[in-house]
Every structure is written in structure tokens, then in C-alpha cells.
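Chemist: The structure's right below; bear with me while I get my questions together.
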Amino acid sequence: ARLSDKLPRVGDWVLAVGNPFGLSSTVTAGIVSARGRDIGSGPYDDFLQIDAPVNKGNSGGPTFDIDGNVVGVNTAIFSPSGGNVGIAFAIPASTVTTVIAQLKDKGSVSRGWIGVQIQPVTKDIADSLGLKKPGGALVSEPQANSPAMKAGIESGDVILSVDGEAVKNARDLARRIGNMTPNTNVKLVVFRGGAEKTVNLTLGELPNPRETSLRPGGGEQEGADRETSRYGLTLAPASNVAGANAEGVVVTNIDPRGLAADVGFQIGDIILEVGGKSVSAPADVRKALADARNGGKRTILMRVKSSQGTRFVALPLGRA
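Residue 43 is where the sequence shown starts when you use this note's numbering, and the numbers rise one by one after that.
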């Protein structure tokens with residue numbers, strides 16, 4: 043059978059072949075229910091969703107179109123009971139073709155890499171940055187010595203397009219870069235400081251993941267005044283909690299009813315920047331919040347570090 047070089051359309055008929063429950067060469071029929079599904083199995087999820095009955099034992103079997111071309115490989119099912127409920131997922135043939143070629147050539151799969159931590163651009167974040175609408179991928183932090191850092195990508199940049207094609211969201215960027223070959227030259231358009239900027243870089247190869255952790259310990263807490271407590275935040279200098287060389291301001295307590303809790307702040311988070319300015323003491327945070335609120339801003343962007351990495355948080359200022 044030939045691997046198809048075209049994605050099937052939603053509504054196209056497909057046949058799934060496999061060995062469910064040890065019953066060899068079982069064929070079931072259905073249609074393509076959706077494309078580009080993200081099922082949370084990894085950063086490169088891009089599955090076909092089909093409603094052909096698929097059960098345990100079907101994984102690895104082909105999904106054919108009505109012309110006999112392989113359009114996917116059965117991979118997973120959604121099932122509270124463990125049996126078929128009409129929701130199954132297949133890796134598209136285009137992805138399979140790329141993986142097979144790399145495995146034949148060098149015995150492993152190489153993925154493109156630019157070396158950034160990214161997050162979605164929410165409406166509040168878009169408003170804070172001056173973007174007309176949510177979209178693209180927000181760079182929370184470029185990694186040291188990465189292609190992105192060498193090319194001048196900065197924390198707070200929003201990557202809008204890759205080689206002229208718009209980036210829908212953070213996961214879309216991860217998929218597109220990961221599906222490219224290392225050492226490929228790419229052109230990124232980023233939004234920075236209210237304007238678009240073109241950045242050219244050469245993709246690196248995705249390295250083996252390394253675990254990093256940041257575990258704030260106990261320490262002397264600096265009392266919060268009305269300006270931070272109105273948002274449900276209690277803060278302390280990071281140097282008091284994590285050592286003399288620590289940067290930023292630690293969140294030592296959170297009111298679960300406050301705005302900070304609503305936008306995802308957690309105890310132990312370290313605030314590095316508020317409104318684009320570095321902070322080293324609770325007073326810096328209080329002043330930045332007050333200045334933004336008095337200046338009529340609806341939200342303020344805060345750069346925050348946690349055990350999961352660095353991210354941006356848009357804190358609404360309107361409710362006091």
C-alpha cells in the first residue's frame with residue numbers, strides 16, 4: 043500500500059485495519075471526523091480523528107482511504123470504558139513518511155529547534171502588548187546559547203509567522219518548527235515594542251530534554267500593603283527566600299479569592315518583571331502596579347518564573 047501525500051478531508055470515508063483483542067485482520071469503516079487534533083500526548087500532536095470502530099490492539103494498524111492509500115496509522119482512542127465509542131486518532135501519513143525516511147537514513151528522528159519557552163497569547167496578554175487580536179506564540183524566555191538567543195529573539199516577543207505562514211498559537215509553532223530539518227534557514231516575523239520585526243535564524247537540533255527545578259525555601263516575609271493585597275498577593279524579596287543571588291520577588295501567599303489566583307499565580311512563583319521592568323523588591327511590584335492602574339491600563343504583563351519554567355501572566359487591573 044502507498045502512503046498518501048495528501049491529507050484526507052473531513053467527511054472522507056476511511057477503513058481502519060488492526061488486531062483488536064487479538065482478532066487479526068479486522069477491518070472497520072468510518073469517516074474522518076476532524077484534522078489537527080491535539081490529544082495532549084506531546085508538543086507535536088497533529089492527529090486525524092476518525093469514527094471507524096477502533097479498539098485495543100488496533101494501534102499500529104493502517105487507516106486507508108477508499109482508493110487504498112494509507113492516510114494514517116491508528117494510534118489512540120478516547121474511551122472512558124476502554125472500548126470503542128467512535129472517537130479514534132491516527133497519525134497522518136505525511137508525518138509517518140517523514141519519520142520513516144529519517145529512521146532509514148540515520149536510525150533516529152531529528153527535529154528542528156529554536157530554543158524558546160513559549161506560551162499562548164490570550165486576549166489580556168494581547169491587550170497588554172498592543173496586539174490587535176490574540177494569536178502567535180509569546181516567548182517567555184529564550185534558552186541560553188540557543189538559535190533564538192543568537193538571532194536576537196527576546197523575552198516578550200510574539201512570533202507571528204514562520205517563512206511567511208501565520209502562526210496560529212504556541213502549539214502550532216512547536217509543531218511547525220519540530221517538523222523542519224535541523225540547519226534549515228527560516229525567517230520569523232516577531233512583534234516587539236508595538237512593531238513587527240523580521241528575524242532570520244538557522245534551526246538547531248532538538249536536544250534531549252533536561253529537567254530543571256526551582257524550589258523556593260522558607261524565609262523572612264515582607265508585609266504586603268494595599269496595592270498588592272488588593273490582587274491577593276503577598277510578596278517577599280527572592281534574596282530573602284532563595285539566597286543572596288536570587289533575582290525577583292517571591293509570591294509567599296495567595297488569596298484564593300483574588301485576581302492573582304484567577305490568572306494562575308501560585309505560592310513559590312517568582313516575579314521577574316512587571317510591565318517590562320525588572321523587580322527585586324515588593325516595593326518595585328507595588329509601584330509598577332500603581333503606576334499602571336493610575337495610567338489607565340486595564341492589564342499589566344508580568345514575567346514569572348516557577349518550577350515549570352518562565353511564563354508571562356496578564357494581571358487585570360480594573361477590579362480593586
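Just so you know, even glycine gets a beta-carbon here, dropped at the ideal spot from N, CA and C.
According to DSSP, simplified to helix, strand and coil, what is L256?
Modeler: Because the pLDDT of L256 is 29, which lies under 50, any placement of that residue in the model is unreliable, and the number read from its coordinates should be weighed accordingly. It is coil, neither helix nor strand.
Chemist: Looking at the secondary structure, which residues open and close the alpha helix (DSSP H) in which D304 lies?
Modeler: 301–304
Chemist: Quick check: the region 100–115 against the region 226–245, are at least 3 beta-carbon pairs closer than 8 Å?
Modeler: no
Chemist: Provide the residue(s) that pair with Q144 in DSSP beta bridges, ordered along the chain.
Modeler: The partner list for Q144 (beta bridge, DSSP) is empty, contrary to what the question assumes.
Chemist: Are at least three pairs of beta-carbons, each pair with one atom in the region 164–172 and one in the region 213–230, less than 8 Å apart?
Modeler: no
Chemist: Excluding the 5 residues preceding and the 5 following G318 in the sequence, name in chain order all residues of the same chain whose CB lies nearer than 8 Å to its CB.
Modeler: The beta carbon of G318 sits closer than 8 Å to those of G198, L343, all from its chain and outside the five residues before and after it, given in chain order.
Chemist: Please confirm whether A179 and A208 have their CB atoms less than 7 Å apart.
Modeler: no
Chemist: CB-CB under 7 Å to A286, same chain, minus the five flanking residues each way: which ones, in chain order?
Modeler: Only weak support exists for where A286 lies, its pLDDT of 43 falling under 50; the coordinates are left without a value.
Chemist: Enumerated in chain order, which unbroken segments of the alpha helix (DSSP H) with a length of 4 residues or greater are wholly contained in the region 43–116?
Modeler: As for any alpha helix (DSSP H) of minimum length 4 sitting wholly inside the region 43–116, there is none.
Chemist: Indicate the three-state DSSP secondary structure (helix, strand or coil) for I309 in the structure shown.
Modeler: coil
Chemist: Let me confirm a value: Q350 is counted as buried when at least 16 other C-beta atoms fall within 10 Å, else exposed. Which label applies?
Modeler: exposed
Chemist: Here's a check: name, in chain order, each residue in its chain whose Cβ is nearer than 7 Å to the Cβ of D80, leaving out the five neighbours to either side.
Modeler: D87, R213
Chemist: Any idea if I195 is buried or exposed, counting beta-carbon neighbours within 10 angstroms, 16 or more meaning buried?
Modeler: buried
Chemist: Classify K192 as helix, strand or coil using the three-state DSSP reduction.
Modeler: helix
Chemist: Under the DSSP definition of a beta bridge, which residues are partnered with R345?
Modeler: E315, F354
Chemist: Shortest alpha-carbon distance to D297 belongs to which of Y273, P279, E289?
Modeler: Y273
Chemist: Provide the residue span of the alpha helix (DSSP H) that contains I219, from first to last.
Modeler: DSSP places I219 inside the alpha helix (DSSP H), whose first and last residues are 212–220.
Chemist: To the nearest angstrom, how far is the alpha carbon of T70 from that of L245?
Modeler: 42 Å
Chemist: Taking C-beta to C-beta, are R345 and L314 nearer than 7 Å?
Modeler: yes
Chemist: Which residues in the same chain have their Cβ closer than 6 Å to the Cβ of L216, if we skip the five residues on either side of it in sequence?
Modeler: Leu is not the amino acid found at residue 216; the sequence shown has Ala there. For A216, where only same-chain residues beyond five positions count, the Cβ hits under 6 Å are P85.
Chemist: Indicate whether F131 and T140 have their beta-carbon atoms separated by less than 7 Å.
Modeler: The Cβ atoms of F131 and T140 do not sit closer than 7 Å to each other.
Chemist: By a C-beta neighbour count over all protein chains shown, 10 Å radius and 16 as the cutoff for buried, is G306 buried or exposed?
Modeler: Residue environment: G306 is assigned as exposed (fewer than 16 neighbouring CB atoms within 10 Å of its CB, all protein chains considered).
Chemist: Give me the Cα-Cα distance between G338 and L275, rounded to the nearest whole angstrom.
Modeler: 21 Å
Chemist: With DSSP run on the structure shown, which of helix, strand or coil describes P122?
Modeler: Residue state, collapsed to three classes: coil.
Chemist: Hey, out of G177, G236, I309, whose CA is closest to S203's CA?
Modeler: G177
Chemist: For the alpha helix (DSSP H) containing V327, list its first residue and its last residue.
Modeler: Per DSSP, the unbroken alpha helix (DSSP H) holding V327 starts and ends at 324–336.
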